[in-house]
DNA sequence: ATATCCATGTAATGCGTTACATGATTTG
DNA sequence: CAAATCATGTAACGCATTACATGGATAT
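And the structure:
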């Protein structure tokens, strides 16, 4: 159900086509909430039917049109309500940690590989999140630039500070994951010394 | 698909009825992988059909029986293979952080509430994970006790160390989340000073 | 006997994934 | 004019969630 609110969040910055929205899910929002294209188009149509957004046909080339969606007042209200409601913490499903608990069943070299992959994965994610945070702070991120143009100056600080804060949390988490996996590599070496 | 492997992992310690397994998902495994009862029974039947586990009818009271499942050699092989395969990191879907990025849309007091809930949630989880870790290390956890009885002494260190390591990671993550939310509370106070 | 476990499900629905599918427009 | 981008989907499947449903066994 959060895809809907992720879309509303995007549309508070500017009107978008389905394609635009799908692109955003490849970067920016996509770093905290993933959604495939095939989910986005139908969801936008559903949201329009419910009056949260409004689609207008705009010309695209000489023989074609595209649908550009804008958020409605109802949509803004729905987004605000959701933002004010308590988050619900979904059930825990953590494959890497579950697997780690049973590492004695894997070959030590495969364990090393998995831990290294964990380090690589979170190193890459951390770089993305850190880059995103930096581009928010200096407003070089295009969506942020559009957004701060649209809202009054006294809001700018909040808009930027909260986004930087969110991404900071993700960076910190990635750091913790990397440290954990490094400890894991040490542990494997202790329990199953590598052949020299 | 990991529910299957969580079940196999449980069954490497001892045979279980569906009910027993479901209980385990309330504690221990449930702290890293959640599954509702209604998913467990059908999955066990499917696994039996595929030969990963074997069900036997055992008496339960004078007029009734229950099904106790044991892991088969095929099941052990499937579990080992899965443990040796690389983890796949699912798509990111992080409601708390996504929401935090748009906190300027919520009332400051609701933001405070949400952050406090985040702190409370992870404080509770951390306590669970830490308790689990402690009961693994001193083998006071019943499933661990059963497990180390079943496997040769030279395996005991690995069995315990990897499980403690897994839960340590979860404890660390919880700590990071709590710190992040505390920073968030400070940030709200800075951006929207509380009325005195 | 009554409450609490223990035991085992079904059904409807929703969310998400993967794969498939197509065509117009702009850019180099 | 070819390649990349923009645009918009459908279909099948699977996993997960919620709600509903039932009944025997054991302990107090």
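Chains as they are written, first to last, in the working numbering: chain A, 38 to 233; chain B, 38 to 233. Backbone N, C-alpha and C fix where the C-beta goes; we use that ideal spot for every residue, glycine too. It should be emphasised that the depicted structure is a prediction, and the values quoted were computed from it without experimental measurement.
Taking the CB atoms as reference points, tell me whether residue i and residue j lie closer together than 8 Å.
i: residue 53 of chain A; j: residue 194 of chain B; result: no
i: residue 44 of chain B; j: residue 59 of chain B; result: no
i: residue 176 of chain B; j: residue 167 of chain B; result: no
i: residue 213 of chain B; j: residue 213 of chain A; result: yes
i: residue 69 of chain B; j: residue 129 of chain A; result: yes
i: residue 109 of chain A; j: residue 89 of chain A; result: yes
i: residue 136 of chain A; j: residue 124 of chain B; result: yes
i: residue 211 of chain B; j: residue 162 of chain B; result: yes
i: residue 91 of chain B; j: residue 78 of chain B; result: no
i: residue 217 of chain A; j: residue 209 of chain B; result: yes
i: residue 219 of chain A; j: residue 50 of chain A; result: no
i: residue 65 of chain B; j: residue 180 of chain B; result: yes
i: residue 174 of chain B; j: residue 156 of chain B; result: no
i: residue 62 of chain A; j: residue 46 of chain A; result: no
i: residue 80 of chain B; j: residue 114 of chain B; result: no
i: residue 48 of chain B; j: residue 112 of chain B; result: yes
i: residue 202 of chain B; j: residue 221 of chain A; result: yes
Where does residue i sit, in a helix, a strand or coil, going by DSSP?
i: residue 106 of chain B; result: strand
i: residue 89 of chain A; result: coil
i: residue 97 of chain B; result: coil
i: residue 49 of chain B; result: coil
Between which two residues does the alpha helix (DSSP H) containing residue i stretch?
i: residue 141 of chain B; result: Unbroken run through residue 141 of chain B: none, as it is neither H nor E.
i: residue 213 of chain B; result: 190-228
i: residue 133 of chain B; result: 132-137
i: residue 56 of chain A; result: 55-61
i: residue 185 of chain B; result: 179-187
Around the C-beta of residue i, are 16 or more other C-beta atoms found within 10 angstroms, so that it is buried, or is it exposed?
i: residue 191 of chain B; result: exposed
i: residue 55 of chain B; result: buried
i: residue 133 of chain B; result: buried
i: residue 148 of chain A; result: buried
i: residue 83 of chain B; result: exposed
i: residue 120 of chain A; result: buried
i: residue 96 of chain B; result: exposed
i: residue 199 of chain A; result: buried
i: residue 100 of chain B; result: exposed
i: residue 186 of chain B; result: exposed
i: residue 169 of chain A; result: buried
i: residue 122 of chain B; result: exposed
i: residue 141 of chain B; result: buried
i: residue 205 of chain A; result: buried
i: residue 139 of chain A; result: buried
i: residue 126 of chain B; result: exposed
| said: Counting only Cβ-Cβ distances shorter than 9 Å, please list the residues of the region 55-68 of chain A near chain B, keeping chain order. | reply: 66, 67 and 68
| message | Please identify, using Cβ separations under 9 Å, the residues of the region 82-95 of chain B that lie next to chain A, in order along the chain. | response | none
| said: Beta carbons nearer than 8 Å to chain B: which residues of the region 191-209 of chain A have them? | reply: 192, 194, 195, 196, 198, 199, 200, 202, 203, 204, 205, 206, 207 and 209
| query | Name the residues in the region 115-128 of chain A whose C-beta lies less than 7 Å from a C-beta of chain B; which are they? | reply | 116, 117, 120, 121, 123, 124, 126 and 128
| query | Of the residues that make up the region 145-156 of chain A, which ones have a beta carbon closer than 8 Å to any beta carbon in chain B? | reply | 147, 150, 151, 154 and 155
| request: Output, in sequence order along the chain, the residues in the region 131-146 of chain A whose CB is closer than 7 Å to any CB in chain B. | output: 131, 132, 133, 134, 135, 136, 137, 138, 139, 140, 141, 142, 143 and 144
| field | Against chain B: residues of the region 154-178 of chain A by CB proximity under 7 Å | value | 154 and 158
| Chain-ordered residues of the region 209-222 of chain B with a beta carbon less than 9 Å from chain A | Within the region 209-222 of chain B, the qualifying residues are 209, 210, 212, 213, 214, 216, 217, 218, 220 and 221.
| task | Could you please tell me which residues of the region 96-116 of chain B, in chain order, have their CB closer than 7 Å to any CB of chain A? | result | Only 116 from the region 96-116 of chain B bring a Cβ to less than 7 Å from some Cβ of chain A.
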